[in-house]
Amino acid sequence: VFPVGTTTVTYTVTDIHGNEEKASFTVTVTDLEKPVISCPSNFSTTVEFGQTGKAITYDLPTATDNCGEPNLELISGFGSGEVFPLGMTTVIYRATDVSGNIADCSFTVTITESSDNENPVINDCPTNINISNDQGSCEAVVNWTAPTATDNSGSVTLTNNFEPGSVFPVGITEVIYTAKDAAGNQVTCRFNVTVLDSELPTVFTRNREFAIDEDQTLILSSTDLDDGSSDNCGILNYQLSQTNFTALNKGENVVTLTVNDINGNQGSATAIVTISINSVDVGDLDSDEDGFTPNQGDCDDSDATVYPGAPELCDGKDNDCDGDIDEGVQTAYYIDADGDGYGDQNAEPAFYCLAPIGYVNNNLDCDDADPLANPDNPDLCDQDPCAEPIEIVSISGPLDPVQINNPIYVSALVSADVVEAKWIWDNGEETILTEPFDNYSATYTYSTPGVYQIRLILIDACGNETVGLTDLAVIFDPDGGFITGGGWIWSPKGAYLNYPDAEGRANFGFVAKYRKGKNIVDGNTEFQFRNGNLNFNSTSHEDMSLVITGHKGIYKGAGKINGIEGYSFMVSAIDGNLKDPIEADKFRIKIWETSSGKMLYDNQLGSADNEDATTDISGGSIVIHQAKKGKNMSIDSNSLLTVPWNTPFDSLAKYDFDLLGYENPIEVNWNVEDYNGLVPGYYQISGKPKTLVLNRLMEDMIKMNVLVENKPLPLDIELDLNILPEKVLKDQVLATLQTIDPIDTIHSYQLIDNEYVYLNGGQIQWKGEEGRVKAHVTLKVISTDRANQSIERNLTLMMPDLPINLQVYPNPSTRYATIRVDFSGEAPVIIKVFDATGRLVMEEETVQSNNYERLIDIELLSNGMYQVQVQIGQFILTKRLVKQN
């Protein structure tokens, strides 16, 4: 047996003489057997969330070899007792024997992080805050140090419902901070902000003097002594220390007016009520004991049948003291010229207590010159010129609201003979018609906005009168101001027809005004009657429905009740400060189902739409803002001008400033750099008086507050041509993009990646292979306006299956426009006309072939730009049409 390695083998030969010879060779044994190595099993463990690793101890691998103990070596991973990272780590050991033979083994160590179940921590959560209201306001600006949040994960989001420095109303408001980590663990901290109304009502009184009779009791109310008291949060009630005054209170009396606000604060002030006693006047004596004295209007205090309001007797006296004798109680008598006992049917009546000689109490004689012609002789008097009463078959007036200074047209269809006819316009004016009456037509132009009830008066040959009424005529002034209101009324029983017994407080708030330069009514209307579970919100207002005339405003629209659509409404309101004398503001709302007309709510049930509102508001106010007239309008430091987006600075620069202590507004140079009409938001524009003296005195004291409204989104993106040519060339212009936007004409475009076309400005150009088009091309386009608002549309360029040409002429047009479509074959043709707001104003669908012309009447459309859209099969062509008078 030879060991591993090289061994020399030697042979020796010796002869008989002692001579010897040696020969040798080597035997080499090579070790080709690898060591045997064994590793531990795979190992897994878990660590707490947030730990990055763990020290792992394991048994070292074992190794043997045929030629002794092999050498053990760590090739990869970490040794026993070392820290292993999160995840799976492969550990590799190698055994090497003395002959250089090697063998490897491996095992894995997997360390997993446990789930994050630990909530974040909010530090320094504020305690409850109690603060008084800001002076003159029913709210307060409240500041606090915002808390911070930490989390074991190192990442946490802190959100809140109010920021430090927010405005809080009087009362208790809960502020909530929420901390949330990536694993969804969250914790909140809460504290209350309590704003206390610490401001007392401001009470103003006025001294009053009253003269009463010796036996009279004078009863005063708070309004008799109040002189404009106010409160920052609203007044609950008024109380007088004394309300009843008699002769015992003659002289000066100190009366305290106490005002309680809605939050329990109380303020008071005193007034002097001076009582004097009237001296006795003989005119106050009732000599005939009929209950009335001469000073009370008794025109004959010696006759007990004569006094104000007495029943009129046919006795030659003015019994009711109205200046007329025997009015209303005399009998109508008619002259009987032929003495046949029948009065002349064409004669005017004469009124007497007793019949004069030659008069009778009837007018039945058809010929008062012939005693044989009378109703007793029907052969001679058998034709009654008024046998058929006047019948108004139909009557028409303006159905839609009409702008002031524009004519309206009325007409009627009448049966029977009419000798007199006139239209009464409900404003003190009338139009008398002359024969022949034809269709009783007339025109009239109102110069004052209002809701008018137009009447047609018809009189026949016998003097019988018939009255016809048109629909209410609504005349509006788009530049005539606007109306706002908010507060509450007491809703009476019977107002809400679904719950007729319900009554109680009903809150309202509204604003209605014309969009500048338009006949479109903007605004919002809300009405809440909690006792009837009625919550109404407007969704739109009828165009041209807002009418403001003097102290009264009225408008209509549509809305939702408790979130459900399908209702119409009308609001009528009165600004009592514009009446003479001043009176309480009044409010009326009427709500009905749009489809059926069924009435649901009306706090003035049964009254006509044009009647004044009669329900006094119990709290709040209604204000009619009249349009300012004159060369320049003026503002003061409290004014807030709300202007549409992109209003030019020139329209603001014309405003003068109402400076306290100056009778007339002063002219101002406003700083254009303080304003950007393209960016919605609030601006405070500084200004300096044009007068040099005021300029030096008033530096930094003149400001114009301006709110630029948000720009409405564009309505749509269209192609001026959506049909591809039969063959296309590289860079060929296929169509031009158009954005339908009634507010602005400047837009930028972006084309999402397309393999066939590219965008060059607003033009779509071809970049695909030249030649015949093989399929429709769909493209996605984004249009962005100057307010940085974007809309996105998918548009399609169609294959040229049908050659189509669209013409609209004349353009501009005043009344009639011709739409001409040239195409081959037969196909459905759909014509649609849209106004500048995208509203569909005309639509028709027919089947046509080849060349087709359609004459449309646009007389009733308002001046402006319209879009004509013609669809033939899958192809859509558009043209613009301008209407102008």
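Heads up: the sequence shown begins at 159 in my numbering, then just goes up one per residue. We put the CB at the ideal spot given by N, CA and C, even for glycine. Please read all numbers here as calculations on a predicted model, not as lab measurements.
CB contact flag (residue i, residue j, <7 Å)
| i | j | result |
| --- | --- | --- |
| valine 361 | valine 333 | no |
| leucine 799 | valine 866 | no |
| isoleucine 550 | alanine 574 | no |
| isoleucine 843 | tyrosine 833 | yes |
| proline 305 | aspartate 282 | yes |
| threonine 589 | alanine 600 | yes |
| alanine 664 | leucine 704 | no |
| asparagine 477 | glutamate 470 | yes |
| aspartate 223 | proline 198 | no |
| proline 1019 | lysine 1041 | The residue asked about is misnamed: residue 1019 is leucine in this sequence, not proline. Yes. |
| alanine 631 | glycine 555 | yes |
| isoleucine 280 | cysteine 347 | yes |
| glycine 294 | proline 359 | no |
| valine 1005 | valine 999 | no |
| methionine 957 | leucine 879 | no |
| valine 249 | phenylalanine 201 | no |
| leucine 232 | tyrosine 216 | no |
| glutamate 684 | glycine 662 | no |
| lysine 714 | asparagine 695 | no |
Cβ-Cβ separation, residue j to residue i (assumed contact under 8 Å), whole Å
| i | j | result |
| --- | --- | --- |
| leucine 955 | valine 939 | Leucine 955 to valine 939, Cβ: 12 Å. No contact. |
| valine 576 | phenylalanine 595 | 6 Å |
| serine 1044 | isoleucine 393 | Any property of residue 1044 remains undetermined from this structure, which presents the chain solely from 159 to 1043. |
| proline 529 | glycine 497 | 6 Å |
| aspartate 384 | leucine 415 | 6 Å |
Buried/exposed call for residue i, threshold 16 Cβ in 10 Å
| i | result |
| --- | --- |
| lysine 885 | exposed |
| cysteine 511 | exposed |
| aspartate 442 | exposed |
| methionine 757 | exposed |
| lysine 180 | exposed |
| glutamate 623 | exposed |
| isoleucine 377 | exposed |
| valine 431 | buried |
| phenylalanine 1033 | buried |
| alanine 933 | exposed |
| serine 1007 | exposed |
| lysine 710 | buried |
| threonine 186 | exposed |
| glutamate 876 | buried |
| arginine 688 | exposed |
| isoleucine 860 | buried |
| phenylalanine 403 | buried |
| valine 830 | exposed |
| alanine 945 | buried |
| serine 246 | Rather than serine, the amino acid found at residue 246 in this sequence is methionine. So methionine 246 counts as exposed. |
| lysine 338 | buried |
| tyrosine 492 | buried |
| asparagine 691 | exposed |
| alanine 369 | exposed |
Proximal residues to residue i (C-beta, below 6 Å), its chain only, five neighbours per side dropped
| i | result |
| --- | --- |
| glutamine 1029 | Ile988 |
| valine 891 | Gln921, Gln923 |
| cysteine 479 | Gly455, Cys457, Pro466 |
| leucine 616 | Ile548, Val576, Ala579, Thr624 |
| glutamate 1057 | Outside the shown range of the chain (159 to 1043) lies residue 1057, about which nothing can therefore be said. |
| alanine 660 | Tyr654, Asn689, Gly690 |
| glutamate 984 | Ser1007 |
Neighbourhood of residue i by C-beta distance below 8 Å, restricted to the same chain and skipping five residues each side
| i | result |
| --- | --- |
| aspartate 889 | Gln923, Trp924, Lys925 |
| serine 779 | Gly643, Gly644, Gly645, Asp743 |
| threonine 303 | Asp282, Pro284, Pro322 |
| tyrosine 169 | Lys180, Ala181, Ser182 |
| aspartate 494 | Tyr500, Gly501, Asp502, Gly516, Tyr517, Val518, Asp523, Asp526 |
Cut-off 7 Å between Cβ atoms - residues of its own chain near residue i, not counting five sequence neighbours on either side
| i | result |
| --- | --- |
| lysine 789 | With a pLDDT of 42 at lysine 789, under the threshold of 50, the predicted position of this residue should be treated as unreliable, though the coordinate-derived value follows. Taken in chain order, the list of residues that qualify is empty. |
| aspartate 774 | Ala742, Lys744 |
| threonine 285 | Phe349 |
Enumerated in chain order, which unbroken segments of the alpha helix (DSSP H) with a length of 4 residues or greater are wholly contained in the stretch 802-839?
Complete alpha helix (DSSP H) runs here, min 4: 808-811.
Fully enclosed by the stretch 264-322, which beta strand (DSSP E) runs are 3 residues long or longer?
279-281, 287-290, 297-300, 306-308, 314-318
Let me know the beta strand (DSSP E) ranges lying completely inside the stretch 447-525, each 3 residues or longer, listed in chain order.
489-493, 508-510
Inside the stretch 619-664 only - beta strand (DSSP E) runs reaching at least 3 residues:
Within the stretch 619-664, the beta strand (DSSP E) runs of at least 3 residues that lie entirely inside it are, in chain order, 623-627, 631-634, 640-649.
Give, in chain order, every unbroken run of the beta strand (DSSP E) that is at least 3 residues long and sits entirely within the stretch 670-728.
679-687, 692-699, 705-707, 710-719
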